[in-house]
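**Student:** Taken in sequence, the protein lines are chains A and B.
Here the first sequence is numbered in numbering that gives the first Met the number 0, starting from 0 and rising by one per residue.
Here the second sequence is numbered in numbering that gives the first Met the number 0, starting from 0 and rising by one per residue.
All C-beta atoms, glycine included, are put in the ideal place defined by N, C-alpha and C.
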Amino acid sequence: MTPTTTANGEQPIYGLLAEFKDADALVAAATRTRDEGYARVDAYAPFSVPGLPEAVGFRRDRVALVTLIGGIIGGGGIYFLQWYSAVVNYPINSGGRPFNSWPAFIPPTFECTVLGAALFAFFGYLLLSGLPKLHHPIFNAKEFDLATRSRFFLCIEALDPKFEREATERFLSSLDPTCVSVVPFSP
Amino acid sequence: MPSAITATSHRVDEERIKFLRGRYSYATISDKISDIVLTRPTHWGYYAGFALCTLLTLLFVIAIAYLFKTGVGIWGVDIPIAWAFAITNFVWWVGIGHAGTFISAFLLLLRQKWRTSVNRFAEAMTIFAVAMAGVMPILHLGRPWFFYWLVPYPDIMNVWPQWRSPLVWDIFAIGTYIIVSILFWYMGLIPDLATLRDRTDHRIKQILYGIFALGWRGESRQWKRFDTAYLLMAGLATPLVISVHSVVSLDFSIGNTPGWHSTIFPPYFVAGALFSGFAMALTLAIPLRAIFGLKDFITARHLDNIAKVMLVCGLLVAYSYVVEIFMAFYSGDRFEKFMILNRMSGPYAPIYWTVIFCNVAVPQLMWWKRVRLSTLTLFVISIVVNIGMWLERFMIIVTSLHRDFLPSSWDVYYPTFWDWATLFGSLGAFGWLFLMFVRFLPAISISEMRKLVLEKKEGET
Numbered sequence: 000m001t002p003t004t005t006a007n008g009e010q011p012i013y014g015l016l017a018e019f020k021d022a023d024a025l026v027a028a029a030t031r032t033r034d035e036g037y038a039r040v041d042a043y044a045p046f047s048v049p050g051l052p053e054a055v056g057f058r059r060d061r062v063a064l065v066t067l068i069g070g071i072i073g074g075g076g077i078y079f080l081q082w083y084s085a086v087v088n089y090p091i092n093s094g095g096r097p098f099n100s101w102p103a104f105i106p107p108t109f110e111c112t113v114l115g116a117a118l119f120a121f122f123g124y125l126l127l128s129g130l131p132k133l134h135h136p137i138f139n140a141k142e143f144d145l146a147t148r149s150r151f152f153l154c155i156e157a158l159d160p161k162f163e164r165e166a167t168e169r170f171l172s173s174l175d176p177t178c179v180s181v182v183p184f185s186p
Numbered sequence: 000m001p002s003a004i005t006a007t008s009h010r011v012d013e014e015r016i017k018f019l020r021g022r023y024s025y026a027t028i029s030d031k032i033s034d035i036v037l038t039r040p041t042h043w044g045y046y047a048g049f050a051l052c053t054l055l056t057l058l059f060v061i062a063i064a065y066l067f068k069t070g071v072g073i074w075g076v077d078i079p080i081a082w083a084f085a086i087t088n089f090v091w092w093v094g095i096g097h098a099g100t101f102i103s104a105f106l107l108l109l110r111q112k113w114r115t116s117v118n119r120f121a122e123a124m125t126i127f128a129v130a131m132a133g134v135m136p137i138l139h140l141g142r143p144w145f146f147y148w149l150v151p152y153p154d155i156m157n158v159w160p161q162w163r164s165p166l167v168w169d170i171f172a173i174g175t176y177i178i179v180s181i182l183f184w185y186m187g188l189i190p191d192l193a194t195l196r197d198r199t200d201h202r203i204k205q206i207l208y209g210i211f212a213l214g215w216r217g218e219s220r221q222w223k224r225f226d227t228a229y230l231l232m233a234g235l236a237t238p239l240v241i242s243v244h245s246v247v248s249l250d251f252s253i254g255n256t257p258g259w260h261s262t263i264f265p266p267y268f269v270a271g272a273l274f275s276g277f278a279m280a281l282t283l284a285i286p287l288r289a290i291f292g293l294k295d296f297i298t299a300r301h302l303d304n305i306a307k308v309m310l311v312c313g314l315l316v317a318y319s320y321v322v323e324i325f326m327a328f329y330s331g332d333r334f335e336k337f338m339i340l341n342r343m344s345g346p347y348a349p350i351y352w353t354v355i356f357c358n359v360a361v362p363q364l365m366w367w368k369r370v371r372l373s374t375l376t377l378f379v380i381s382i383v384v385n386i387g388m389w390l391e392r393f394m395i396i397v398t399s400l401h402r403d404f405l406p407s408s409w410d411v412y413y414p415t416f417w418d419w420a421t422l423f424g425s426l427g428a429f430g431w432l433f434l435m436f437v438r439f440l441p442a443i444s445i446s447e448m449r450k451l452v453l454e455k456k457e458g459e460t
């Protein structure tokens, strides 16, 4: 739920956004913001900046675990299906081979392991990242459309316990940004 | 070192062999690539190619419609040659797809920087080639409307697929391959779709690119998960490529037909697949960089590297040819020996010797750096290898079938008009899809190019 106005009639805000001149400046600013005690910090960059996720306090992503689970489900599932159909449900003597002729069951098992792992990796990455989410308040920020082109941004969310409009704005300005702007909830 | 001498004697322009030429910033490189899709007027060469591909695609549709209406009798196939053009096309198209995955996945694992500007269009090549490949076995079925019987699903007939058959393995391999290729490609596209969403002023484009960008914001946590998932997908796609063409080769080698029944088939087919796929990558990259002015991104260095990989794959393929001949005589099996001699001097001898010329003789030109740096020569070699690899698949399939164990059933296969229509129609449909792709999606990964700009900057300071 998004409030439309606050008690004193002001537009509520999503957060404060500072822009930095390059990737290194963004990483340095993110580190200092975390050190200052802010918890809800997001950094936006046009490419994957090394060290930036750690600087905003991202500890571990669970994509690899999800992928492993997908691979096990895919491979185990198809092997079970082959075993069940060839041994239990409809056993056929095919050239005297054992019903559970496991070497012949390996190709589908391998393929479905890869398939399960890839599907889980892709959808796991999307869901863990909160995507798809076509609208987000950050898109209301001035010049934010350049974040996917060439600009580097750091946002401190208003929900942060330490967030205070003036104090936070002063703090962001002290980080040597190129500019600081307000992210409103509605455009 | 002798390279010092050659470097001064015919000195190659240093700038020409970089992975990224010119001075670009994050902004200019983003604009340059996205403008191809968003604002740049279309080159006349594009329209000419598009018109030709559209006509061939229509021919493909007509050939398929006529086939579904009449049956496989419209083709030249008969007993004993029940497999011919459709299966040749299938194996050839799958093989072409493999180079795309190899470039995007395997080179990512090896941290090869030259991958960055060629991976996107190579992945697109994979998807469209595998799409063409996937159609072929279905067309080839006598009753194509029952193709789904290969898939295990609960039905009242209570009949399961025969799990010990390579044809069932095949549908799992190809099905997995196309799905994983699309996911991998789309995943890499999401940040670029967001760039297009934010760069265009056109409302409908904003909405369409916006929907497919899924609301990508470029937040650092998203990037981190993106990197992990992308690397994992690359790690999964690399063995997948090897497995897919190995399974395709098992379609043949599990049968006892002379010329098919051989343990060298899986590696032989994988090497051939990469060989033809890298040739197709060159066939597509050379006009692409010329028409869209991408010579700063797809540089002579990229073409040089692709040519080197092709040379290695070509040598592996040549080695396989030699082993085939050796094993036939070493085995002492009269049918195997006859098969090889018949390939070299029988009714299909011209095809055999054309294959040797295209796949063994011509690629040796790429030992010379001068050849590898000459765009036109490389383009011609790539076409020659494409033809040679198609003929190789045809040779393997048809020469083994047309002289089987029983001389009374021997026959010679002649393609009909509809065989040719299916082959050239699929080429047209592939080209059509590829041309649509370069017009509506960035043919080079924008976000990865920005990272290359960063690395180049760090390298200079």
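Rounding to the nearest angstrom, what Cα-Cα distance links B/Gly48 and A/Asp41 in this structure?
**Tutor:** Answer to the nearest angstrom: the Cα atoms are 46 Å apart.
**Student:** If we cut at 8 Å on Cβ distances, does A/Ala22 have a partner in chain B?
**Tutor:** With 8 Å as the cut-off, A/Ala22 counts as an interface residue toward chain B.
**Student:** DSSP state of B/Glu391, grouped into three classes?
**Tutor:** DSSP places B/Glu391 in helix when its eight states are reduced to three.
**Student:** Are any of the Cβ atoms in chain B nearer than 8 Å to that of A/Ile12?
**Tutor:** Cβ-Cβ to chain B under 8 Å: no for A/Ile12.
**Student:** Could you tell me which residues DSSP puts in a beta bridge with A/Ala190?
**Tutor:** With chain A running from 0 to 186 in the structure shown, residue 190 of chain A is simply not present.
**Student:** Which residue's Cα is closest to the Cα of B/Ala193: B/Tyr208, B/Arg369 and B/Asp30?
**Tutor:** For B/Ala193, the nearest C-alpha among the options comes from B/Tyr208.
**Student:** Have a look at B/Ile290 and B/Ser180 and give me their C-alpha separation to the nearest angstrom.
**Tutor:** Those two C-alpha atoms are separated by around 26 Å.
**Student:** Taking only three categories from DSSP, how would you classify B/Tyr347?
**Tutor:** Residue state, collapsed to three classes: coil.
**Student:** If the cut is a Cβ gap below 8 Å, which residues of chain B does A/Ile72 touch?
**Tutor:** What A/Ile72 touches in chain B: nothing, since even the nearest Cβ is about 14 Å away.
**Student:** Taking its Cβ as the centre, do 16 or more other Cβ atoms sit within 10 Å of B/Trp91, making it buried, or is it exposed?
**Tutor:** That one is buried.
**Student:** For A/Tyr43, name the three-state secondary structure that DSSP assigns.
**Tutor:** A/Tyr43 falls in the strand class under three-state DSSP.
**Student:** If B/Met435 sits next to B/Met279, beta carbons under 8 Å apart, how far is it from one beta carbon to the other, in whole angstroms?
**Tutor:** Actually they do not touch by this definition, with Cβ atoms about 17 Å apart.
**Student:** Work out the CA separation of B/Ala85 and B/Asp418 for me, nearest whole Å.
**Tutor:** Their backbone Cα atoms lie some 8 Å apart in a straight line.
**Student:** Hey, out of A/Phe151, A/Glu142 and A/Val181, whose CA is closest to B/Gly217's CA?
**Tutor:** That would be A/Phe151, whose Cα lies nearest to the Cα of B/Gly217.
**Student:** Please compile the residues from chain A whose C-beta is within a distance smaller than 7 Å of the C-beta of B/Lys223.
**Tutor:** In chain order: Pro52, Phe57 and Asp60.
**Student:** When you compare only the Cα positions, how much space is there between B/Gly187 and A/Asn92?
**Tutor:** Taking the straight line from one Cα to the other gives about 47 Å.
**Student:** In or out: A/Leu171 buried (at least 16 other Cβ within 10 Å) or exposed?
**Tutor:** Buried, by the Cβ-count rule.
**Student:** Counting C-beta neighbours from all protein chains within 10 Å, is the total for A/Cys178 16 or more, i.e. buried, or is it exposed?
**Tutor:** Looking at its Cβ environment, which holds fewer than 16 other Cβ atoms inside 10 Å, A/Cys178 is exposed.
**Student:** Exposed or buried, B/Ser330, counting other C-beta atoms within 10 Å across all chains shown (16 or more means buried)?
**Tutor:** By the neighbour-count rule (16 or more Cβ atoms within 10 Å), B/Ser330 is not buried but exposed.
**Student:** Let's see if you can read the secondary structure: which residues bound the alpha helix (DSSP H) around B/Met118?
**Tutor:** Note on residue identity: the sequence assigns Asn, not Met, to residue 118 of chain B. From DSSP, the alpha helix (DSSP H) with B/Asn118 extends over Asn118 to His139.
**Student:** Taking the beta carbon of B/His401 as the centre, do at least 16 other beta carbons fall within 10 Å, making it buried, or is it exposed?
**Tutor:** Buried: at least 16 other Cβ atoms inside 10 Å.
**Student:** Where does A/Val62 land, buried or exposed, given buried means 16+ other C-beta within 10 angstroms?
**Tutor:** Buried is the call here.
**Student:** Who pairs with B/Glu218 in a beta bridge, going by DSSP?
**Tutor:** DSSP, once it has assigned bridges, lists A/Tyr43 as partnering B/Glu218.
**Student:** Between B/Val179 and chain A, is the shortest Cβ-Cβ distance under 8 Å, so that the two count as touching?
**Tutor:** Chain A, which has a Cβ nearer than 8 Å to the Cβ of B/Val179, makes this yes.
**Student:** Tell me which residue opens and which closes the alpha helix (DSSP H) that A/Asn139 is part of.
**Tutor:** Looking at the DSSP string, A/Asn139 is not in any alpha helix (DSSP H), and its letter there is neither H nor E.
**Student:** So what does DSSP say about B/Ile206, is it helix, strand or coil?
**Tutor:** Three-state DSSP puts B/Ile206 in a helix.
**Student:** Do you know whose CA, among B/Phe325, B/Ile396 and B/Lys336, lies nearest B/Thr87's CA?
**Tutor:** Ranking B/Phe325, B/Ile396 and B/Lys336 by Cα distance to B/Thr87 puts B/Ile396 first.
**Student:** Could you tell me which of B/Arg22, B/Val359, B/Asp410 and B/Gly258 sits nearest to B/Asn385, measuring between CA atoms?
**Tutor:** For B/Asn385, the nearest C-alpha among the options comes from B/Val359.
**Student:** Touch check for the segment 219-238 of chain B and the segment 377-391 of chain B: three-plus C-beta pairs under 8 Å?
**Tutor:** The segment 219-238 of chain B vs the segment 377-391 of chain B: no contact.
**Student:** So that I know if they touch, is there some Cβ in chain B lying closer than 8 Å to that of A/Leu174?
**Tutor:** By this cut-off, A/Leu174 is not an interface position.
**Student:** With a 10 Å radius around its C-beta and 16 neighbouring C-beta atoms as the bar for buried, classify B/Ala50 as buried or exposed.
**Tutor:** Classification of B/Ala50: exposed, given that the 10 Å Cβ count is below 16.
**Student:** Can the beta-carbon of A/Pro131 be found closer than 8 Å to that of B/Gly214?
**Tutor:** In this structure, B/Gly214 lies closer than 8 Å to A/Pro131 by Cβ.
**Student:** Do we get a CB-CB distance below 8 Å when we pair B/Leu182 with the residues of chain A?
**Tutor:** True, the Cβ-Cβ gap to chain A drops below 8 Å.
**Student:** Distance check for B/Ala233 and A/Gly56, CA to CA, integer angstroms please.
**Tutor:** C-alpha separation (whole angstroms): 27 Å.
**Student:** Tell me whether B/Ser373, by its Cβ, gets closer than 7 Å to a heavy atom of the ligand PLP.
**Tutor:** As presented, the structure is devoid of all ligands, the ligand PLP included, so that no description of it is given.
**Student:** Rank B/Leu58, B/Phe145, B/Pro265 and B/Trp162 by C-alpha distance to the C-alpha of A/Ile105 and give the top, closest one.
**Tutor:** Comparing Cα positions, the closest option is B/Trp162.
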